Ligand SMILES: Cc1cc2nc3c(=O)[nH]c(=O)nc-3n(C[C@H](O)[C@H](O)[C@H](O)COP(=O)(O)OP(=O)(O)OC[C@H]3O[C@@H](n4cnc5c(N)ncnc54)[C@H](O)[C@@H]3O)c2cc1C
Ligand code: SF4
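Residue numbers (the numbering used here), protein chains in the order written: chain A, 12 to 551; chain B, 24 to 209.
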């Protein structure tokens, strides 16, 4: 039987086995500390990945079933103006949400750190380490990226054929395309295979070419870390003075409850469960939730939003061979209002009306998986035989599309609270998400669409869909809910990622981000986690 | 276009079955009755019924269907008795409908009548579900099973114009090639 009793004499207890927890655990174990990870979900057998891929492709199985998301354990409420589909946004298990993720990994730009208590240079060496840890394939061809000293650990994936179609139009418009840093092996790396083109990266890569954090959990275990699976932490306990956490109380499948003691505690349970756990851990000393003297726990919840548009061309575009993108554009990141100049005119400046807020950063993507996938079309079609084949041939072949992300500014009223009227499988109040998309975010989305339409028009695309201000959804990057800051009255953790209130409680997550930028968060999460581990190491 | 053994092995790999070369060739998935509760039809008849479904759902320009379906189906159920049971029951269900509407087993009907039967059962518009109603199970265990095998294989992909379809590990170079170099056979 699996032993789920607490570890004796642990130096560090980490809650969560996603990338933040796995990288910190590995590092601290390498420094010689005794580390235990408590992970709510199970360990997924690598051998089953192909079957999970089949689930992802075949329509009988809901998307949440691929990684067993949802159910009683994952109940939640969405109370904001916009519905938030939380269970599509995270995975519980060894590896966390990176089992499901896409794997695009960029460094934040220098300006993104403007209101943070640390700046780009503080993170710069950690970014390099994070890139090595994840095995990032990339090239230094992005003129808008922040400065870097070392090459990427792996060569970038060459651009796709459809990128070359875009390249001509972008050239005529003065729009710069460049490679995408991918946490995905372009060659064999760190005992994982090179990409073999299954094309189902999100939600599952059967070959292991796409990085997922179960890889570092394994490495951590080889360095001596103990991982207790199916052990959701119910609350944290502190000493009488309210200065130190003494134990993480966790439940096990046999109905038992255990207390894991440790000298240091790290919360790496993701941007929604971290504030929830703190709120669930309220005490006499912390009536509004543990580490919440500031009242900021759960507040300033931010996500990125998707903007995109696509249609068809009268030539073949060769989509859906792989499930990731090879070209993007950061030209409208630092100044999204700017226009461009090319031989065929350019992208006009932002067309904003006076009362519209100025747009924030935009990242643009050139998709390699536009339009229908023939196998998915066949499985949901209503014809068979030759008729079906005719329909597939008509439907597949000439789709093309662009995507992109915009961010949100921190707003107090966007937040995670507890909904006591609904409980999970352990009787705990579920997280309630209060989320809305404000006018500035809508401006950014509209601007992203404006640029995308200009490029697609230049290409001669018959545009058939646009996802913009009225029809978008979240990109599943949970940020801001335990923000960092030097002022303990308005932030939850300090620049070392330690809570202001408790001397041995740290947070490794995008929940500490002060602002969202418009770039996927996980490389920054990884870099912060390594930095946090160094500070924990110094204290031990 | 010809389906090959390589296609069947590729399709199997897409479903998580690792097949050693030479391990599977001419077997019948329903041969030893392992896990099959119903004894209505003989193993070879069941295989014939599955092929009869393939004849309706696969395009006519394909050849090599029999070996492909046999190899694929065998690999799929080899270590999954529950899955074999699901397929067997779906085949029996098909025969029940066939007998009551057309007085004969499904495999004995001509191709056009088979297509009509699937339509009348509502298999064309059914929501595939392993635990669902009759049409849903037929769609899941037979029709979609065969369509998944075909269209995630290199040859099935090529029929449509993509030599490296989703589910097939066809390498990371095909996405870089243009249509003329891409081996599009249309
Ligand atoms: C569809 C999708 C695509 C994405 N694509 C990208 C991308 O391209 N690039 C990018 O940068 N990011 C992407 N992301 C986001 C990325 O996956 C997350 O940023 C990242 O996984 C967060 O890491 P984490 O370790 O903080 O949290 P997670 O990976 O969510 O891990 C948290 C872990 O904590 C565990 N846990 C939670 N509560 C408890 C508890 N009470 N007790 C014990 N354990 C607990 C969970 O079970 C989970 O395993 C994507 C996300 C999704 C959903
Ligand atoms: S395309 Fe995606 S799913 Fe396929 S091997 Fe490459 S990374 Fe993995």
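Every residue gets a Cβ at the ideal spot worked out from N, C-alpha and C, and that includes glycine.
Note that the structure is predicted; figures quoted are calculated from it, not measured.
Residue pairing by DSSP places residue 89 (chain B) in no beta bridge whatsoever. Between residue 379 (chain A) and residue 171 (chain A) a beta carbon distance of about 5 Å is seen, short of the 8 Å cut, so the two are scored as contacting. One finds nothing in chain A with a Cβ atom closer than 8 Å to the Cβ of residue 51 (chain B); even the nearest lies about 23 Å away. Distance from the Cα of residue 405 (chain A) is smallest, within the candidate group B:95, B:184, B:153 and B:117, for B:184. Using a 10 angstroms sphere on the CB of residue 192 (chain A), the tally of other CB atoms reaches 16 or more, which defines it as buried. Residue pairing by DSSP places residue 428 (chain A) opposite A:443 in a beta bridge. At a cut-off of 3 residues, the continuous stretches assigned as beta strand (DSSP E) that sit fully inside the region 235-277 of chain A are 237-239, 244-249, 256-262 and 268-272. Using a Cβ-Cβ cut-off of 8 Å, residue 106 (chain B) does not count as an interface residue toward chain A, since no Cβ of chain A sits closer than that to its own. Assignment of residue 38 (chain A) by DSSP, reduced to helix, strand and coil, places it in the helix class. Using a Cβ-Cβ cut-off of 7 Å, residue 397 (chain A) is close to 82 and 83 of chain B, given in chain order. Nearest to residue 192 (chain B) by C-alpha distance, out of A:352, A:440, A:333 and A:338, is A:333.
For residue 210 (chain A), the shortest separation between its Cβ and any heavy atom of ligand 2 lies below 7 Å. Between ligand 2 and the CB of residue 333 (chain A), the shortest heavy atom gap is smaller than 7 Å.
Contact annotation for residue 206 (chain A) against chain B: 195 [CB-CB distance below 7 Å, chain order].
Looking only at B:94, B:201 and B:29, the smallest Cα-Cα distance to residue 53 (chain B) is reached by B:94. In the displayed model, residue 434 (chain A) falls within a strand according to three-state DSSP.
Judged by the Cβ position, residue 62 (chain A) fails to qualify as a neighbour of ligand 2 at the 7 Å threshold, every heavy atom of the ligand being at least this far. For the pair of segments examined, the region 83-93 of chain B was found not to touch the region 409-424 of chain A: the number of CB pairs separated by less than 8 Å stays below three. In this structure residue 486 (chain A) is in contact with residue 315 (chain A), their Cβ atoms being roughly 4 Å apart against a cut-off of 8 Å.
For the region 130-150 of chain B, the residues whose beta carbon sits under 8 Å from a beta carbon of chain A are, in order, 138, 141, 147, 148 and 150.
In the three-state reduction of the DSSP assignment, residue 181 (chain A) falls in the helix class. Annotation for residue 473 (chain A): the continuous beta strand (DSSP E) segment containing it runs 473-478. Put simply, the backbone Cα of residue 178 (chain B) is about 38 Å away from that of residue 151 (chain A). Interface criterion met: the Cβ of residue 394 (chain A) is under 8 Å from a Cβ in chain B. The Cβ-Cβ distance between residue 220 (chain A) and residue 207 (chain A) falls below 8 Å. Where residue 70 (chain B) is concerned, there is no enclosing beta strand (DSSP E), although the alpha helix (DSSP H) around it starts and stops at 66-80. Contacts with chain A at 8 Å (Cβ-Cβ) include residue 170 (chain B). Counting along the chain, the unbroken alpha helix (DSSP H) around residue 112 (chain B) starts and ends at 104-125. At a C-beta separation below 7 Å, residue 70 (chain A) has these neighbours in chain B: 151.
For residue 161 (chain B), the uninterrupted alpha helix (DSSP H) segment begins and ends at 157-161. Cβ-Cβ distances below 8 Å link residue 474 (chain A) to 320, 321, 322, 464, 467 and 468 in the same chain, with the five nearest sequence neighbours on each side left out; the list follows chain order. A contact is defined here as three or more CB-CB pairs under 8 Å, and the region 48-58 of chain A meets this definition with respect to the region 103-115 of chain A. Counting only Cβ-Cβ distances below 9 Å, residue 95 (chain B) has no contacts in chain A at all, with the closest Cβ about 13 Å away.
For residue 136 (chain B), the three-state secondary structure derived from DSSP is helix.
Residue 548 (chain A) and residue 39 (chain A) have their C-alpha atoms roughly 7 Å apart.
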